[in-house]
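*Asks:*
There are 4 protein chains.
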Amino acid sequence: MTFLTALDAPALRAAGIPEPWSYGRADKVRFGEIDALGHVNNVAYFRWFETLRVNYLQDYGVHDYTSDAPRPRIVVKQVTAEYHAELMMADYIACARTVEMRRTSFTQHYALFADGGLKTTGSAVVVFLNEDGSKMPLPDTFRETLLKRDSTIQAGPQT
Amino acid sequence: MTFLTALDAPALRAAGIPEPWSYGRADKVRFGEIDALGHVNNVAYFRWFETLRVNYLQDYGVHDYTSDAPRPRIVVKQVTAEYHAELMMADYIACARTVEMRRTSFTQHYALFADGGLKTTGSAVVVFLNEDGSKMPLPDTFRETLLKRDSTIQAGPQT
Amino acid sequence: MTFLTALDAPALRAAGIPEPWSYGRADKVRFGEIDALGHVNNVAYFRWFETLRVNYLQDYGVHDYTSDAPRPRIVVKQVTAEYHAELMMADYIACARTVEMRRTSFTQHYALFADGGLKTTGSAVVVFLNEDGSKMPLPDTFRETLLKRDSTIQAGPQT
Amino acid sequence: MTFLTALDAPALRAAGIPEPWSYGRADKVRFGEIDALGHVNNVAYFRWFETLRVNYLQDYGVHDYTSDAPRPRIVVKQVTAEYHAELMMADYIACARTVEMRRTSFTQHYALFADGGLKTTGSAVVVFLNEDGSKMPLPDTFRETLLKRDSTIQAGPQT
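So the sequence lines, in the order shown, correspond to chains A, B, C and D. For the working numbering, count along the first sequence from 1 and bump the result up by 19. For the working numbering, count along the second sequence from 1 and bump the result up by 19. For the working numbering, count along the third sequence from 1 and bump the result up by 19. For the working numbering, count along the fourth sequence from 1 and bump the result up by 19.
#1: The beta strand (DSSP E) spanning residue 131 of chain A covers which residue range?
#2: If the cut is a Cβ gap below 7 Å, which residues of chain D does residue 50 of chain A touch?
#3: What does a CB cutoff of less than 6 Å around residue 101 of chain C pick up in its chain, not counting 5 residues either side in sequence?
#4: When you compare only the Cα positions, how much space is there between residue 75 of chain C and residue 131 of chain C?
#5: Which residues, in chain order, does the segment 118-141 of chain D contribute to contact with chain C at a C-beta distance below 7 Å?
#6: Among the candidates B/59, B/103 and B/126, whose CA atom is the shortest distance from the CA of residue 145 of chain B?
#7: Would you mind giving the Cβ-Cβ distance between residue 52 of chain D and residue 62 of chain C, rounded to the nearest angstrom? I have them listed as a contact below 8 Å.
#8: At the 8 Å Cβ level, is residue 164 of chain D part of the contact set with chain C, yes or no?
#9: DSSP on residue 165 of chain D, reduced to helix/strand/coil?
#10: When the Cα atoms are used, what is the spatial distance from residue 174 of chain D to residue 164 of chain D?
#11: Can you find a C-beta in chain C that's less than 8 Å from the C-beta of residue 81 of chain D?
#12: Which of the three DSSP states is assigned to residue 76 of chain A in this structure?
#13: From B/37, B/143 and B/91, pick the residue whose C-alpha is nearest to that of residue 99 of chain A; which is it?
#14: So, for residue 121 of chain A: in the same chain, excluding its five sequence neighbours on each side, which residues have a beta-carbon less than 7 Å away from its beta-carbon?
#15: Taking DSSP as the reference, what is the three-state secondary structure of residue 87 of chain A?
#16: Any idea if residue 169 of chain A is buried or exposed, counting beta-carbon neighbours within 10 angstroms, 16 or more meaning buried?
#17: Ignore the nearest five residues each way along the sequence and tell me which others in residue 171 of chain D's own chain have a CB closer than 6 Å to its CB.
#18: If we define contact as Cβ-Cβ less than 8 Å, is residue 46 of chain B a contact residue for chain D?
#19: Please report the distance separating the alpha-carbon of residue 108 of chain A from that of residue 54 of chain A.
#20: Give the residues of chain A in contact with residue 23 of chain D, contact being defined as C-beta atoms less than 8 Å apart.
#21: I'd like to check one pair, residue 43 of chain A with residue 23 of chain A: are the Cβ atoms closer than 8 Å?
#22: For residue 28 of chain D, I'd like the list of residues in its chain whose CB is within less than 7 Å of its CB, leaving aside the five on either flank, ordered along the chain.
#23: Would you mind stating whether residue 115 of chain C and residue 71 of chain C have Cβ atoms separated by less than 8 Å?
#24: Alpha carbon to alpha carbon, how far is residue 38 of chain B from residue 129 of chain A?
#25: Cα-Cα, which of B/57, B/136 and B/90 is closest to residue 112 of chain B?
#26: Alpha carbon to alpha carbon, what distance is there between residue 167 of chain C and residue 88 of chain D?
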């Protein structure tokens with residue numbers, strides 16, 4: 020079965036997307052994402068960034084599914100988007116990186132490129148919860164992956 | 020035909036929603052807005068706040084449709100949401116107010132109340148554009164309405 | 020907290036909606052449901068009919084939540100919509116009724132009224148499943164409610 | 020810029036999708052398309068089929084954009100979906116073909132394959148309208164393309 024793969028740093032550079040972006044996914048605007056003003060609706064970007072975030076976390080190995088370690092409940096605490104230019108029916112590449120990690124949460128930045136330019140940026144504060152709703156410290160392996168792949172800054176105490 | 024009306028300050032107070040909120044709309048969570056985690060998906064709130072914003076602008080008379088004045092193209096420059104508590108299937112009231120107006124743009128705050136508490140807050144920077152994409156100054160009548168109804172602060176030069 | 024209630028037969032008649040409709044809900048088109056063609060997108064109606072279906076099943080007491088009886092997993096087997104006229108920004112009333120029940124499934128019809136006319140009709144075949152995925156016979160109390168409220172036809176063997 | 024291409028008959032056969040499907044697109048389920056039941060929400064498929072339909076019509080050259088011929092307003096008259104099996108987070112391929120054309124409308128069938136099997140089928144009756152809302156006969160070039168690529172049956176009078 021055909022499947023869609025993430026774009027790494029070389030693939031993004033080849034597509035004209037600058038550093039520091041090193042994780043992205045290509046997609047096409049859907050007709051239903053265009054609103055009455057004839058451009059991509061502001062809400063659609065949040066769906067795209069969420070889709071990217073979920074794939075990113077899976078690809079970055081947020082959890083070792085072969086272990087018995089508890090699986091985090093992943094929720095967002097805050098989400099933002101800033102719209103720099105309109106987008107019509109087009110192919111686009113959405114990029115994500117984790118800029119800062121704290122004990123139980125981290126901050127991601129997003130960028131949306133299309134038609135050779137930056138259209139929209141965004142951010143999310145992501146929190147890991149235990150089943151009982153208490154905060155779960157980020158797993159060490161995930162923390163190491165963030166450091167290695169995104170040069171994520173460790174802010175504040177790690178434990 | 021039955022229709023749904025906005026809630027004014029007295030109606031909001033009666034529903035337990037504090038000052039300074041004076042414009043809101045009641046609705047119910049839709050099943051399709053609940054995600055795999057069993058709570059309202061983070062993106063749904065942006066749809067609710069957009070719906071509220073459009074109704075607010077209509078109710079606040081953003082344009083006198085009997086005049087020949089050009090009708091603004093209304094776009095958002097920035098949107099945010101902060102999630103304070105989860106929401107399940109419930110009735111809710113979404114509130115909006117304009118906190119600051121500038122020459123061609125203004126900033127709105129949003130709040131989402133359900134189950135007797137504040138669940139989510141949000142904001143949007145809204146811009147008025149002319150047909151050619153240039154910025155349109157906020158109409159004076161709209162500016163006066165914002166001042167009168169929301170005590171909106173005028174920031175920076177008005178012209 | 021303010022909440023939105025279902026419309027019964029007298030309320031629907033008062034709104035100009037003919038027999039046999041006896042269950043409906045009023046709502047407003049959301050800006051985000053208008054597509055690039057300037058009318059309500061065809062997919063939005065399916066969201067509306069789903070929302071109506073879930074509220075209908077709750078209001079018709081699909082399950083006595085005070086009992087220990089297993090709660091059905093409710094899924095759709097087939098969904099259709101027929102578009103008779105376009106819909107723009109407007110208030111609307113969506114109506115549902117169950118026209119036929121079988122041992123483990125039933126068929127609902129939907130109708131969407133706005134601007135004084137019928138805009139869209141639809142249908143769904145709904146199935147009740149047990150936790151293990153096997154089909155669950157419709158509870159007797161639900162069957163009786165369908166017969167009493169919607170004059171639903173019993174098709175085929177009941178057990 | 021990277022972009023996503025349609026799958027033709029050989030690509031679909033290679034992915035295990037049988038005749039007569041000869042047009043499809045691969046995609047991934049988005050987290051936001053999973054509902055509270057933990058599977059792809061029934062409404063999501065309609066969005067996928069719409070997205071596929073719009074791309075299909077563009078790829079089949081519904082209009083020669085270099086000519087002065089009027090561009091049709093493309094609307095759906097009827098849409099259906101039948102759900103054969105649940106779908107979770109997975110890669111999928113959505114396929115479309117036009118089975119019958121009439122003077123001003125045509126009928127498409129859709130199929131959704133994932134995890135090596137057929138999950139959902141659907142249909143749409145698509146109508147071409149002139150700007151004034153009157154029906155537009157299908158352009159001859161489009162009719163020829165449908166015949167050649169999909170062996171679409173001509174039903175009733177062509178003019």
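Think of the CB as a built atom: it goes at the ideal place given N, C-alpha and C, for glycine as much as any other residue. All values derive from a computational prediction rather than experimental measurement.
*Replies:* Working from what's here:
#1: Residue mapping note: residue 131 of chain A aligns to position 112 of the first sequence, counting from 1. 124-133 is the span of the beta strand (DSSP E), which, as asked, contains residue 131 of chain A.
#2: Counting from one through the first sequence, the residue named residue 50 of chain A turns up at place 31. Under the 7 Å cutoff, chain D gives 69, 70 and 73.
#3: Taking the first residue of the third sequence as 1, we reach residue 101 of chain C at position 82. Closer than 6 Å at Cβ, skipping near neighbours: 140.
#4: As a working mapping, residue 75 of chain C is identified with position 56 in the third sequence. As a working mapping, residue 131 of chain C is identified with position 112 in the third sequence. Straight-line Cα distance between these residues: approximately 15 Å.
#5: none
#6: The residue you call residue 145 of chain B lines up with position 126 of the second sequence. Of the candidates B/59, B/103 and B/126, the one whose C-alpha sits nearest the C-alpha of residue 145 of chain B is B/126.
#7: In the fourth sequence, counting from the first residue as 1, residue 52 of chain D sits at position 33. In the third sequence, counting from the first residue as 1, residue 62 of chain C sits at position 43. With a Cβ gap of about 12 Å, residue 52 of chain D and residue 62 of chain C do not count as contacting.
#8: As a working mapping, residue 164 of chain D is identified with position 145 in the fourth sequence. Not an interface residue.
#9: What you label residue 165 of chain D is simply residue 146 of the fourth sequence in a count that begins at 1. Here residue 165 of chain D sits in helix by DSSP.
#10: Taking the fourth sequence and counting its residues from 1, the one referred to as residue 174 of chain D is at position 155. Taking the fourth sequence and counting its residues from 1, the one referred to as residue 164 of chain D is at position 145. If you take the alpha carbons of residue 174 of chain D and residue 164 of chain D, they lie about 16 Å apart.
#11: Here the question's residue 81 of chain D lines up with position 62 in the fourth sequence. False, the Cβ-Cβ gap to chain C never drops below 8 Å.
#12: Walking along the first sequence from the start, residue 76 of chain A turns up at place 57. Three-state DSSP puts residue 76 of chain A in a helix.
#13: Numbered from 1 along the first sequence, position 80 holds the residue referred to as residue 99 of chain A. Checking every option, the nearest Cα to that of residue 99 of chain A belongs to B/143.
#14: Position 102 of the first sequence holds residue 121 of chain A. For residue 121 of chain A, where only same-chain residues beyond five positions count, the Cβ hits under 7 Å are 174 and 175.
#15: As a working mapping, residue 87 of chain A is identified with position 68 in the first sequence. If DSSP states are grouped into helix, strand and coil, residue 87 of chain A belongs with coil.
#16: Along the first sequence, one-based indexing puts residue 169 of chain A at 150. By the neighbour-count rule (16 or more Cβ atoms within 10 Å), residue 169 of chain A is buried.
#17: Locating residue 171 of chain D in the fourth sequence gives position 152, where the first residue counts as 1. These residues qualify, in order along the chain: 117, 120 and 165.
#18: Taking the second sequence and counting its residues from 1, one reaches residue 46 of chain B at position 27. False, the Cβ-Cβ gap to chain D never drops below 8 Å.
#19: Within the first sequence, residue 108 of chain A is the residue found at index 89, counting from 1. Within the first sequence, residue 54 of chain A is the residue found at index 35, counting from 1. Taking the straight line from one Cα to the other gives about 11 Å.
#20: Here residue 23 of chain D refers to the residue found at position 4 of the fourth sequence. 23, 45, 46, 47 and 110, listed in chain order.
#21: In the first sequence, residue 23 of chain A corresponds to position 4, counting from 1. In the first sequence, residue 43 of chain A corresponds to position 24, counting from 1. Going by C-beta atoms, residue 23 of chain A is not nearer than 8 Å to residue 43 of chain A.
#22: Counting from 1 along the fourth sequence, the entry for residue 28 of chain D is found at position 9. Here the set comprises 41.
#23: As a position in the third sequence, residue 115 of chain C is number 96, starting the count at 1. As a position in the third sequence, residue 71 of chain C is number 52, starting the count at 1. Against a cut-off of 8 Å, the Cβ pair of residue 71 of chain C and residue 115 of chain C comes out as a contact.
#24: Reading the second sequence from its first residue, position 19 is the one you call residue 38 of chain B. Reading the first sequence from its first residue, position 110 is the one you call residue 129 of chain A. Using only the alpha carbons, I get a separation of about 35 Å.
#25: Along the second sequence, one-based indexing puts residue 112 of chain B at 93. Closest by alpha carbon: B/136.
#26: Within the fourth sequence, residue 88 of chain D is the residue found at index 69, counting from 1. Within the third sequence, residue 167 of chain C is the residue found at index 148, counting from 1. One C-alpha to the other measures close to 57 Å.
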